[in-house]
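Notes for the one structure printed next.
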Amino acid sequence: MKVLACDGIHEDGLILFRDAGWEVEVAPEPIKDPDALAARLADFDAILVRSATKVPAKALAQADKLKVIGRAGAGVDTIDVDAATARGIAVMNAPDGNTLAAAEHAISLLFALARHIPRADAGMKAGGWPKAGLTGFELEGKKLGVIGLGRIGSTVARKAAGIGMEVAAHDPFLPAAAAAKGSVKLKSLDELLAWADIITLHIPRTKETTNLLSEARMRTMKKGAYLINAARGGLVDEGALIQLLDEDHLAGAALDTFVTEPLQAESPLRAHPRLILTPHLGASTSEAQQAVSTILARQIIDFVATGAVAGCVNLPPLTAEAAREVGPWMPLMSSLGRLASRLVPAPTRLHITYAGRTDALDTRPLTRLLVAALMGTASGRVTPVNALQEAAARGLTVAETVGGDSDGFDRLLRLRIESDERTREVEATLHRGPRVVRLDGVEIEFDPAAPVLLMRNEDRPGMIGTVGSKLGAAGVNIVNFALGAAGDGQARAAITVDRPVTDEELAALAATPGILSLRQV
Numbered sequence: 001m002k003v004l005a006c007d008g009i010h011e012d013g014l015i016l017f018r019d020a021g022w023e024v025e026v027a028p029e030p031i032k033d034p035d036a037l038a039a040r041l042a043d044f045d046a047i048l049v050r051s052a053t054k055v056p057a058k059a060l061a062q063a064d065k066l067k068v069i070g071r072a073g074a075g076v077d078t079i080d081v082d083a084a085t086a087r088g089i090a091v092m093n094a095p096d097g098n099t100l101a102a103a104e105h106a107i108s109l110l111f112a113l114a115r116h117i118p119r120a121d122a123g124m125k126a127g128g129w130p131k132a133g134l135t136g137f138e139l140e141g142k143k144l145g146v147i148g149l150g151r152i153g154s155t156v157a158r159k160a161a162g163i164g165m166e167v168a169a170h171d172p173f174l175p176a177a178a179a180a181k182g183s184v185k186l187k188s189l190d191e192l193l194a195w196a197d198i199i200t201l202h203i204p205r206t207k208e209t210t211n212l213l214s215e216a217r218m219r220t221m222k223k224g225a226y227l228i229n230a231a232r233g234g235l236v237d238e239g240a241l242i243q244l245l246d247e248d249h250l251a252g253a254a255l256d257t258f259v260t261e262p263l264q265a266e267s268p269l270r271a272h273p274r275l276i277l278t279p280h281l282g283a284s285t286s287e288a289q290q291a292v293s294t295i296l297a298r299q300i301i302d303f304v305a306t307g308a309v310a311g312c313v314n315l316p317p318l319t320a321e322a323a324r325e326v327g328p329w330m331p332l333m334s335s336l337g338r339l340a341s342r343l344v345p346a347p348t349r350l351h352i353t354y355a356g357r358t359d360a361l362d363t364r365p366l367t368r369l370l371v372a373a374l375m376g377t378a379s380g381r382v383t384p385v386n387a388l389q390e391a392a393a394r395g396l397t398v399a400e401t402v403g404g405d406s407d408g409f410d411r412l413l414r415l416r417i418e419s420d421e422r423t424r425e426v427e428a429t430l431h432r433g434p435r436v437v438r439l440d441g442v443e444i445e446f447d448p449a450a451p452v453l454l455m456r457n458e459d460r461p462g463m464i465g466t467v468g469s470k471l472g473a474a475g476v477n478i479v480n481f482a483l484g485a486a487g488d489g490q491a492r493a494a495i496t497v498d499r500p501v502t503d504e505e506l507a508a509l510a511a512t513p514g515i516l517s518l519r520q521v
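Heads up: the sequence shown runs through residues 1 to 521, numbered per UniProt numbering.
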């Protein structure tokens with residue numbers, strides 16, 4: 001496996017990749033040309049970026065090997081997630097690693113605004129004594145409005161309350177139950193803007209949040225209020241912000257993120273006396289960079305090795321408890337998907353039933369994994385990331401049922417695979433190891449991950465011996481021979497062998513009198 005590390009990823013994370021046997025290549029500088037990035041990605045399984053190297057759809061055009069795009073941080077707005085999803089590429093981030101760093105930077109900007117620290121420092125270093133005109137204000141008792149009460153926003157709220165500020169927040173994505181338990185008062189966005197002395201933003205940039213603070217919205221803020229954006233560039237209309245500062249409607253603002261980064265040398269933001277600017281330093285602490293690097297490395301290594309989806313923004317999230325429940329099923333799902341594709345080569349409908357004890361089983365990643373294996377290479381590159389989209393595009397209807405009778409097993413998985421020509425049914429379990437327990441209603445057991453011959457034969461004496469003799473003569477050892485009577489004068493058998501048989505060996509065995517059909521799966 002090969003990983004390309006861009007934008008100065010911390011060495012501790014790269015060491016984890018090397019220890020796992022990965023080849024690590026470090027880009028000496030950010031790769032800002034999409035064509036140049038596309039050419040580089042053709043040979044890599046993963047890429048790690050921060051905010052300098054952007055990953056648009058154009059950069060993914062030749063990335064046939066790429067499995068993961070890792071963002072060493074929280075925001076993924078510099079990555080075309082939709083394009084990555086369409087190509088079956090997982091997009092991962094590490095939002096927890098820089099929570100404290102980002103929150104503390106927002107608080108530092110809060111203090112800098114309140115006490116004019118940058119202007120005072122610049123005046124002193126210029127040889128002056130700039131005391132006049134730099135009278136600040138105390139933060140205790142002031143009203144702080146937090147937009148976005150996630151990890152960073154809630155940390156900012158807690159720290160601000162600790163210095164005596166009155167804190168309220170707006171977060172439309174916070175569940176009602178969680179909001180009711182919180183200590184921070186929630187307000188609508190309009191209420192919060194009109195109420196707060198200082199507004200601080202802690203939300204991602206999306207289509208819905210771009211220019212969230214437009215000119216019209218900023219005009220609803222208190223006259224003399226302050227604004228802090230240490231989240232993502234583009235949440236604030238920068239031109240409108242300058243206008244409202246010039247009009248004295250807003251008293252000041254502090255920005256750590258910008259629409260265009262690096263900020264252009266000629267940007268009017270640079271010269272404004274009421275603006276404090278920092279060059280996207282929110283996550284720039286040694287502790288945060290180490291944390292996001294190692295968190296991301298572990299996530300990517302686990303994803304490639306086991307299919308675990310911690311930190312993946314374009315796959316359903318899994319709690320740690322759910323991951324423990326799902327993990328043992330993953331190899332079985334891949335094996336069953338490949339088996340299903342051989343039983344019914346061009347299916348139009350797949351129904352999956354998760355029966356038995358399913359209360360702690362998150363079926364979403366399992367279904368995606370099975371469908372990806374079933375689709376195989378029939379629709380180009382298919383992974384759990386884009387499996388359901390590819391299935392829909394090829395006319396495969398996927399349905400699932402959770403719960404119901406498990407026929408004495410703790411958990412039982414039932415597959416019904418249909419096409420216009422045939423319907424096949426498979427039942428499998430993890431009890432006493434991953435195994436199929438029924439095929440088309442006949443009780444025969446086998447490991448779907450092993451080389452298996454599926455046989456339909458006349459139900460008469462001597463068939464097992466005949467088949468065993470012919471395979472032995474060909475140098476094929478039988479690991480397990482499972483035979484079940486179908487009740488119609490025929491029998492079904494699953495013959496697990498120690499190696500795949502050749503086409504010639506299979507044809508010779510299929511010509512044996514009494515064998516009605518034979519296929520290798």
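Here a beta-carbon is modelled for each residue, glycine too, at the ideal position from N, C-alpha and C.
Here the alpha carbon of residue 60 sits roughly 31 Å from the alpha carbon of residue 150.
Counting along the chain, the unbroken alpha helix (DSSP H) around residue 159 starts and ends at 151–162. Judged by DSSP in its simplified three-state form, residue 429 adopts strand. Looking at the DSSP output, residue 481 bridges to 495. Straight through space, the alpha carbons of residue 50 and residue 285 are spaced by roughly 14 Å. Annotated three-state conformation of residue 62 is coil, per DSSP. Taking the CA atoms as reference points, residue 137 sits about 7 Å from residue 115.
About 11 Å separates the beta carbons of residue 432 and residue 447, which is beyond the 8 Å limit, so they are not a contact pair. For residue 141, the closest C-alpha among the options 148, 167 and 134 is that of 167. Relative to the Cα of residue 224, the nearest Cα in the group 152, 274 and 100 belongs to 274. A direct Cα-Cα distance of roughly 21 Å separates residue 7 from residue 234. Comparing alpha-carbon positions, the option among 93, 89 and 83 lying closest to residue 73 turns out to be 93. Going by DSSP, residue 470 is part of the alpha helix (DSSP H) stretching over 463–473.
Using a Cβ distance threshold of 8 Å, residue 413 and residue 429 count as a contacting pair.
Here residue 238 is buried, its C-beta having at least 16 other C-beta atoms within 10 Å.
Within the same chain, and ignoring the five residues on either side of residue 325 in sequence, the residues whose Cβ sits closer than 8 Å to its Cβ are 360, 361 and 362. DSSP places residue 17 within a helical segment (H, G or I) once states are collapsed to three.
Linking residue 385 to residue 256 through their CA atoms gives a straight-line distance of about 33 Å. In the DSSP assignment, residue 457 is bridged to 491 and 515. Residue 402 has its alpha-carbon roughly 29 Å from the corresponding atom of residue 82. Under the 10 Å beta carbon count, residue 96 is surrounded by fewer than 16 other beta carbons and is classified as exposed. An exposed status is given to residue 26, since fewer than 16 other beta-carbon atoms sit within 10 Å of its beta-carbon.
The beta-carbon distance between residue 41 and residue 16, rounded to whole angstroms, is 21 Å. This is too long to meet the 8 Å contact definition. When beta bridges are read from the DSSP output, residue 4 appears opposite 25 and 47. By the Cβ neighbour-count rule, residue 124 is exposed, with fewer than 16 other Cβ atoms within 10 Å of its own. Residue state for residue 173 is assigned as coil, using DSSP reduced to three classes. Under the 8 Å Cβ criterion, the region 479–489 does not count as touching the region 503–516, having fewer than three qualifying pairs. Assigned with DSSP and collapsed to three states, residue 123 falls in helix.
Listed in chain order, the alpha helix (DSSP H) runs fully inside the region 285–367 are 286–306, 320–326 and 330–343, counting runs of at least 4 residues. In the structure shown, residue 371 falls within a helical segment according to DSSP collapsed to helix, strand and coil. Measuring C-alpha to C-alpha distances from residue 143 to each of 396, 382, 465 and 197 identifies 197 as the nearest. Rounded to the nearest whole angstrom, the C-alpha separation of residue 454 and residue 306 is 28 Å.
In this structure, residue 417 and residue 340 form a Cβ contact; the two beta carbons are roughly 5 Å apart against a cut-off of 8 Å. Taking residue 279 as reference, the option from 485, 484 and 109 with the minimal CA-CA separation is 109. The beta carbon of residue 395 lies closer than 8 Å to those of 348 in the same chain, with the five residues before and after it left out. Under the three-state reduction of DSSP output, residue 245 falls in the helix class.
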